[in-house]
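Protein chains in written order, with our numbering: chain A, 149 to 371; chain B, 2 to 421.
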């Protein structure tokens, strides 16, 4: 089965203070595994809205969304949660780690709701993931004890916990310095090379060097 | 996610916010302790008062006096059919309003007493010595604190003697019949009766007066007979038949209902008179105030716990949004929160009950009203109070957290992240 995310006639509007705002207008896109996609555009162009819809964190107003051939546009919240757990790993600009759990526990968290991962495998798998990002010696540290770059790598490791096919990242380097930015981009590139579909929203021009495809969004439309 | 995972995740959440958890436990425990103590003390106080009233036979006695000449056996038979009556005693055996003088050895010098009939079934609670045996005569039960002089003359509580010192000793009571033939009271004949003190009772617990003594019904009957048979009346005096009876009720709280039943029974043939009415107005007022205070405290506890739980849920919107983003279902998040609240609520309940027990021990051991055991401070914690405490500490946080989470879980992970 071809693993892909397909968006057909995607339309999203918000109503704020009685004013209608169109965040996405007639967007048609396809994202395949093994490729690195970058979505770029000015602030307010609708790129974050697009990636949130692709990641099932928000709902389309109109249109269809297919993940691995299945129409997910009208699924229940529980069904969407299942797909997010199995197929999608999301990385946020603000890392979105649980401040009360250490690095290892944060990476293990998605595995608790994945019945395919045995209890005894969780710790080992999480430790391997952290090692692959050079963070094994930081596994007992809490987010507030880690640098921005380390936190973002932990967030990426967590996104990979359930071995999803799609990695979606919304401005993953927005809070990082140049050195850590490179580390994150290299990591994401490696994931694409290893068969994942990596979709990144960014306004950082440097990322173009890593991308297989760049998509420009302006006023909710693909340019 | 199975139940063990749920418990583990809950434990991890709690472990890493110890300060919040301890604060919540303390808040809930204090609310529960204050509530339990107020309700338990009310219970204890009311129970003590009820016990004291019940111990005093006169508060459980109803006189049934016929208006017409009638057979006493007939009255006794009718009265015994009324429920909650434990004994029916002929009038002349129960009580006398005749003055009695008390003479004894050098301990009791002209003490004045009032005497009341009793037997092995109906007698005050003995605190030292013993009570009446069946068909026993020439014995008496006296109060723990005995006034050795005439009660009416310049009573001084420092002169009270310890009734214990009289146990086993004999006292002689002196009583008189009078001659009213000239229109004035003159002593007609003097009588004496020797009684052995067999036991003492606490007059506070029995709500009795100083120097209320109990003798057997037989002895009482013979004393009254001596007086009445040797009393000389003037020509115009109408002597009452004395065919009345005294009905002893099982508990003071049933006296009113028995009185009504007896009145219905006799129509106008009998007068039904409650012998002594305990002044329960104060007790009832205290009861109402305590219940209101307990309800207010319970309400305050509910509100405090609810606010604390909702505040905690709102502070964790960010975490909830994160969990949703990585694939947790609403139901799973609710289960984790539920388990956390079970843990916190259970710990709070245990702490609250432990604190209450400790406070109870301290109250009983170190703070006792030595003047009156009736009001001995202590708590009466019964199963209902424990259940209400459990509801406050466990169910209130669970329900308020659940309701709050419903509102939070409706939002998308993105909006919850933005609200941080």
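Even glycine gets a Cβ: it sits at the ideal position worked out from N, Cα and C.
These numbers were taken from a predicted model, which means no experiment stands behind them.
Beta strand (DSSP E) containing residue i: first to last residue?
i	result
residue 91 of chain B	86-91
residue 62 of chain B	62-67
residue 236 of chain A	236-239
residue 318 of chain A	314-318
residue 432 of chain B	This structure cannot speak to residue 432 of chain B, because chain B is shown only from 2 to 421.
residue 349 of chain A	345-349
residue 403 of chain B	Not the beta strand (DSSP E): residue 403 of chain B falls in the alpha helix (DSSP H), residues 397-410.
Mind checking whether residue i and residue j have CB atoms under 8 Å apart?
i	j	result
residue 180 of chain A	residue 350 of chain A	no
residue 183 of chain A	residue 340 of chain A	yes
residue 180 of chain B	residue 189 of chain B	yes
residue 235 of chain A	residue 313 of chain A	yes
residue 150 of chain B	residue 112 of chain B	yes
residue 194 of chain B	residue 173 of chain B	yes
residue 199 of chain B	residue 130 of chain B	yes
residue 25 of chain B	residue 295 of chain B	no
residue 337 of chain B	residue 11 of chain B	yes
residue 27 of chain B	residue 394 of chain B	no
residue 159 of chain A	residue 363 of chain A	no
residue 324 of chain B	residue 334 of chain B	yes
residue 283 of chain A	residue 301 of chain A	yes
residue 237 of chain A	residue 315 of chain A	yes
residue 273 of chain B	residue 54 of chain B	no
residue 388 of chain B	residue 36 of chain B	no
residue 418 of chain B	residue 242 of chain A	yes
Let me check understanding here. Comparing Cα to Cα, which of the options lies closest to residue i?
i	options	result
residue 161 of chain B	B:144, B:43, B:384 and B:254	B:144
residue 217 of chain A	A:347, A:155 and A:286	A:155
residue 195 of chain A	A:318, A:332, A:343 and A:267	A:318
residue 414 of chain B	A:291, A:359 and A:225	A:225
residue 313 of chain B	B:301, B:19, B:300 and B:5	B:19
residue 305 of chain B	B:185, B:397 and B:272	B:397
residue 61 of chain B	B:249, B:295 and B:322	B:249
residue 151 of chain A	A:178, A:326 and A:281	A:178
residue 142 of chain B	B:220, B:202 and B:359	B:202
residue 227 of chain A	B:349, B:411, B:389 and B:328	B:328
residue 122 of chain B	B:35, B:267, B:215 and B:84	B:215
residue 221 of chain A	A:208, A:230, A:371 and A:185	A:208
residue 3 of chain B	A:266, A:255, A:348 and A:323	A:266
residue 233 of chain B	B:186, B:212, B:67 and B:357	B:186
residue 408 of chain B	B:47, B:261, B:326 and B:318	B:318
residue 210 of chain A	A:200, A:175 and A:199	A:175
residue 353 of chain A	A:256, A:165 and A:321	A:321
residue 249 of chain A	B:59, B:416 and B:9	B:9
residue 261 of chain A	B:6, B:52 and B:276	B:6
residue 233 of chain A	A:359, A:310, A:157 and A:245	A:310
residue 176 of chain B	B:135, B:251, B:158 and B:231	B:231
residue 288 of chain B	B:326, B:40 and B:401	B:40
Between which two residues does the alpha helix (DSSP H) containing residue i stretch?
i	result
residue 15 of chain B	4-16
residue 329 of chain A	326-341
residue 254 of chain A	251-256
residue 259 of chain A	Where residue 259 of chain A is concerned, there is no enclosing alpha helix (DSSP H), given that its DSSP letter is neither H nor E.
residue 227 of chain B	218-230
residue 256 of chain B	256-267
residue 275 of chain A	267-280
residue 179 of chain A	It is not in any alpha helix (DSSP H) - residue 179 of chain A instead sits in the beta strand (DSSP E) that spans 167-180.
residue 191 of chain B	Premise fails: residue 191 of chain B lies in the beta strand (DSSP E), 187-202, not in any alpha helix (DSSP H).
Show which residues of chain B have a CB atom less than 8 Å away from the CB atom of residue i.
i	result
residue 232 of chain A	326, 327 and 328
Closer than 7 Å by beta-carbon distance: list the chain A residues that pair up with residue i, in chain order.
i	result
residue 2 of chain B	260 and 261
Starting from residue i, find everything on chain B with Cβ-Cβ shorter than 7 Å and list it in chain order.
i	result
residue 336 of chain A	Neighbours of residue 336 of chain A on chain B: none; closest Cβ ~18 Å, over 7 Å.
Less than 7 Å separating the Cβ of residue i from some heavy atom of the ligand SAM?
i	result
residue 149 of chain B	Because no ligand of any kind appears in the structure shown, any question about the ligand SAM cannot be addressed here.
**Prompt:** When you check each C-beta in the stretch 6-32 of chain B against every C-beta of chain A, which residues fall closer than 7 Å?
**Reply:** 6, 10, 13, 14, 17 and 18
**Request:** Give the residues from the stretch 292-311 of chain A that approach chain B closer than 9 Å (Cβ to any Cβ), ordered along the chain.
**Result:** 306, 307, 309 and 310
**Request:** May I ask you to list, following chain order, the residues of the stretch 217-229 of chain A that have a beta carbon less than 8 Å from some beta carbon of chain B?
**Result:** 225, 226 and 229
**Asked** Looking at chain B, which residues of the stretch 237-262 of chain A have a Cβ within less than 9 Å of any of its Cβ atoms?
**Response** 237, 238, 240, 242, 244, 245, 246, 247, 248, 249, 250, 253, 257, 258, 260, 261 and 262
**Request:** Give the residues from the stretch 306-322 of chain B that approach chain A closer than 7 Å (Cβ to any Cβ), ordered along the chain.
**Result:** 320
**Item:** Contacting positions in the stretch 325-341 of chain B - beta carbon closer than 8 Å to chain A
**Value:** 325, 326, 327, 328, 329, 330, 331, 332 and 333
**Prompt:** Quick one, which residues of the stretch 405-419 of chain B are near chain A if we go by CB-CB under 8 Å, in chain order?
**Reply:** 413, 414, 415 and 418
**Asked** Given a limit of 7 Å on CB to CB distance, which residues of the stretch 188-206 of chain A reach chain B?
**Response** 200, 205 and 206
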